[in-house]
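Those sequence lines, one after another, are chains A and X.
In this text, residue positions in the first sequence follow our numbering: the first is 416, and each later residue adds one.
In this text, residue positions in the second sequence follow our numbering: the first is 1155, and each later residue adds one.
Glycine included, each C-beta is placed from N, C-alpha and C at the ideal position.
Take a look at the structure set out below.
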Amino acid sequence: MLSIVVCVKAVPEPKAAEDLKIDPVTKAIPRHDIPLEINPLDRNALEAALHFKEQAGASITVISMGPPPAGDIVKECLALGSDEGILLSDPAFAGADALATAYTLAKAIEKLGEVDLVLCGRASSDGATEWVGPELSVFLDFPVVTMVREFIQFNGSSWQVKADIENGYRLVQVELPAIFTVTQDLNSPRTLSFSGIIQSRKKEITTWGLKDLALPANTVGLAGSPTIVSKLEYVESKRECEIIEGSLDEKLDQMIGKLVEAGAV
Amino acid sequence: MGDTKYPVWVIAEQILGEIPPVSLEITGQARILAERLGVEVEAILLGNGIEDQVDLLFSAGADVVHLGSAPEFTNYQCEIFTESIVARARDRNPQIILIGSTFMGRELAPLIAAKLGTGLTAHCIDLVLDDNGVLEQQIPAYGGLMSIVCPEKRPQIATVARGVFPMPNLDEDRSGSVLPVEPPQGIKIRVQTLEVVHTEPEGVPLETAPIVVAGGAGAGSLEGWLEIQELADTLKAAFGSTRPAVDEGWTDLETMIGQSGKMVNPDLYIGVGLSGEQQHMVGITGAKVMIAINNDPKAPVFEQVDYGIVEDCRIFIPALVERIMKLKSHAGRTAHVV
Ligand SMILES: Cc1cc2nc3c(=O)[nH]c(=O)nc-3n(C[C@H](O)[C@H](O)[C@H](O)COP(=O)(O)OP(=O)(O)OC[C@H]3O[C@@H](n4cnc5c(N)ncnc54)[C@H](O)[C@@H]3O)c2cc1C
C-alpha cells in the first residue's frame, strides 16, 4: 500500500487577501485576522491522493506548516478523507521563506518513516513561488516532477506522468519514492461531505514543533531563511485615467473611436 | 562596490535547438549588473548540436559560455541538468544567477538553490543593485513594490519572465571564451523525460501581439468569458486572462498575464471585468494605450489605465462586438464598391 504525504498550505481567502494592501499614507499593511482556506492547488494534490487510495489503497498523511489556525485546514483535509493530519507549528517556524519551509517539511516527512509519494500543489496562491516541492525533493533526496497534469501509468515502482511545458507536455518516467507538484488540470477536487465531517470528528491532528523535529532554531523560520524582505514601497500609477461618460450608445461610440485611433479597427 | 570577483551567471535555455528571447533578455540585464559590479557575465547552455547558438549569447552580453553539447543534453533531464549546473556553479562561485521563468527554469531554479543552500526569488519584475552591491529583487506585493534580498548566502538567484527586461542590442562583434561542460558521470537517474511534445500554439501569441484583450473574474461565467474571447477574435487580438479566470477553468495558464504569467507590450490593451490587482497589471506596464471596462466605478483598475468605461461587461461587450462587426461589413462593402 502506498504511503502518501500531501503538503498543504493555509492561505488567505482571496477576498480577504485583497484587503491586505499597503496604505498609501501610512505605508503600513493593515493587521487583522484573515480567514484561511486550503491553497486551491493543494486540493488537486489531495484529490490525487484520495483517488489513489480509492483505486488501490493508500495511507494519506497531510502535513501543513503554519500558525495554530492552520490546524482547521488540516482538519478539513481529514474530513475530505485523509488518514492523518500533522500541523507543524512553532513560533520559531514563523517568517520562513521557501527554503526554510521545504527544510522543515522535509524533516517532518523523514520523521514519518517510509514514504512513497509526496504530493504538492504547483504553487501557493499567496506566494506563488512554486519552489517548495522541488526544494523538498533536494532535502529528501527524492526525484521530482513539477506541473504534473496527468498520472498515466503505475508499474509498482515507477510512475509515468505527463507534465506541462511551453505549448505542450513532456512524458516522464519517475522511480518512487518521488515528489510531484500538480496543476489544476489534473482533476476536479471534491468538496466536503456531511458524512466526511462526521467521520473525521473523532480524528485528532498531531502538532509538531521545533523540539519534536529536533532541529536547531537557526535552521528554521526567519533565522533559517536566506532571503528577507528589505523594503516595501508604495507605487504611484503612471497613467491618468479618463472615464468615458454618457449613455451606453455614447460609450460604444467613444470606444469605437478609441479602437479606430489605435488602429484596431 | 560589492563583490568584484565573482561573475554574474545566466542559465540559458534552448528549445528545439534555439535560444528563446528570455535567455537573451536576462543576459542583457546580467551585463548591466556585471558592469556595475566590475565582473564578467557567464552563461551556461546545455543541449545537443547547439554550438551555433553560442555567438548569440556573446552578442547579448556574455563573456564566457559554459557549453554542454551532447546527446545526454538533448532534452531537459532534471537530474543531469541540475548536476551539471550545480557542479559548474560550485567551481565558478557566481554571486548572482538569473534564470528565465520558463517551465524548465521554474523547475531547475529551486533545485539549484536548494543544492547550493541559498535563496531564490520568484518572477522578479526588476533587479537592481543597492549601494553595497547586493541584488534587490523586486516583486509586486500588498499593492506596492517589495524588495527581497539574500544578504549572506551566495549566489543570489532570481527567476525572470520573458519581457521583463528588454531585448539587448545584439553586438555581433562581441565574443568570448567557451568552456565545455561534460555530461555528469555515474549519477543516479530516477527521472527520465521519455518524450517532449510541442503543439502549435493556437491564436495570436500574447508576447508579440499589437492588441491584447484580457478578461477577468468579472466575466462571471463561461458564457461571459466567451463573449470577451469573441471581442478578441473580432479585433484579431491576443487573448489574456487573470488568475481567477484560470482557476475557474475558463482558460489555460498559458493565457495568464502578470507577475507569475506572461508580460505583454501591446499598442492597445483592453481589460474586461478585472480589478487591476497589481500582480496582473505589472504584466502590462509596457502597453501604449490601456482601456478598462468594469462595472464598479471604484475598481482600482481605473487608476491604472488611460480610458475607463463603467459598464456591465455582459451588456457592453456583446454590443461592442456587434458594432465592430457592422463597421467591418460596412467597410467591406465600401471597399467593394470602390
Ligand atoms: C504572488 C502572487 C502572484 C500572482 N500572480 C498573478 C498573475 O501573474 N496574474 C494575475 O492575473 N494574477 C496574479 N495573482 C492574483 C492577483 O493578485 C489577483 O487576485 C487577480 O489578478 C485578480 O483577478 P481579477 O481582476 O480577474 O479578479 P477580481 O479581483 O475578483 O476582480 C474582478 C473585477 O470584475 C469586476 N466585475 C464583476 N462583475 C462585472 C461585470 N458584470 N462587468 C464588468 N466588471 C465586472 C469587479 O468589479 C472586479 O473589479 C497573483 C497573486 C499573488 C499573491
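Ala-1243 (chain X) does not reach chain A, its nearest Cβ partner there being about 14 Å away, counting only Cβ pairs nearer than 7 Å.
The beta carbon of Leu-1428 (chain X) sits closer than 6 Å to at least one heavy atom of ligand 1.
In terms of side-chain proximity, the C-beta atom of Arg-537 (chain A) is found no nearer than 6 Å to any non-hydrogen atom of ligand 1. Residue range 1461 to 1464 is occupied by the beta strand (DSSP E) that includes Tyr-1461 (chain X). In the three-state reduction of the DSSP assignment, Asn-633 (chain A) falls in the helix class. At a cut-off of 7 Å between beta-carbon atoms, Ala-679 (chain A) makes contact with chain X. The alpha-carbon of Lys-666 (chain A) is positioned some 30 Å away from that of Lys-430 (chain A). Relative to the non-hydrogen atoms of ligand 1, the Cβ of Arg-1316 (chain X) never comes closer than 6 Å to any of them. DSSP places Tyr-1160 (chain X) outside both helix and strand once states are collapsed to three, so it counts as coil. Taking CB atoms only, Arg-458 (chain A) has no neighbour in chain X less than 7 Å away. Taking Val-1193 (chain X) as reference, the option from X:Glu-1326, X:Asn-1247 and X:Ala-1392 with the minimal CA-CA separation is X:Asn-1247. Proximity of the beta carbon of Ser-1414 (chain X) to ligand 1 is indicated: a heavy atom of the ligand is located closer than 6 Å.
In terms of side-chain proximity, the C-beta atom of His-1434 (chain X) is found nearer than 6 Å to a non-hydrogen atom of ligand 1.
Put simply, the backbone Cα of Pro-549 (chain A) is about 14 Å away from that of Gln-1231 (chain X).
If you look at Ser-418 (chain A), you'll find it in the beta strand (DSSP E) that goes 417 to 422. The C-alpha of Glu-1290 (chain X) lies about 40 Å from the C-alpha of Ile-620 (chain A). Secondary structure at Arg-564 (chain A): strand, using DSSP grouped into helix, strand and coil.
Within the DSSP secondary-structure output, Ala-471 (chain A) pairs in no beta bridge. By the rule that beta-carbons nearer than 7 Å mark a contact, Ser-1414 (chain X) touches chain A. Tyr-1461 (chain X) has a beta carbon lying within less than 7 Å of a beta carbon in chain A.
Going by DSSP, Pro-549 (chain A) is part of the alpha helix (DSSP H) stretching over 547 to 555. Secondary structure of Thr-519 (chain A) (DSSP, three-state): helix. For Cys-656 (chain A), the closest Cβ of chain X is nearer than 7 Å. In terms of beta-carbon proximity, Trp-574 (chain A) stays away from the interface with chain X, with every pair separated by 7 Å or more.
In this structure, Ala-1399 (chain X) keeps its C-beta atom at 7 Å or more from the C-beta atom of Tyr-1423 (chain X).
Every beta strand (DSSP E) of 3 residues or more that sits fully in the segment 1256 to 1309 of chain X is shown, in chain order, as 1274 to 1278, 1280 to 1283, 1289 to 1295 and 1298 to 1303. In the structure shown, Arg-1344 (chain X) falls within a coil segment according to DSSP collapsed to helix, strand and coil. Residue burial is scored here from C-beta neighbours: Pro-1309 (chain X) has at least 16 other C-beta atoms within 10 angstroms and is therefore classed as buried. Rounded to the nearest angstrom, the gap between the Cα atoms of Leu-1324 (chain X) and Ala-1216 (chain X) is 11 Å. Residue state for Cys-1467 (chain X) is assigned as helix, using DSSP reduced to three classes. The beta-carbon of Ser-1375 (chain X) is placed no less than 7 Å from the nearest beta-carbon of chain A. If you check the C-beta of Cys-1467 (chain X) against ligand 1, you find a heavy atom less than 6 Å away.
Leu-435 (chain A) reaches chain X at Tyr-1296, counting residues in chain order whose Cβ is nearer than 7 Å.
For Gly-624 (chain A), no alpha helix (DSSP H) encloses it, and the DSSP letter there is neither H nor E. Not a single heavy atom of ligand 1 lies less than 6 Å from the C-beta of Ala-521 (chain A). If you check the CB distance, Thr-1347 (chain X) and Asn-1229 (chain X) come in under 7 Å.
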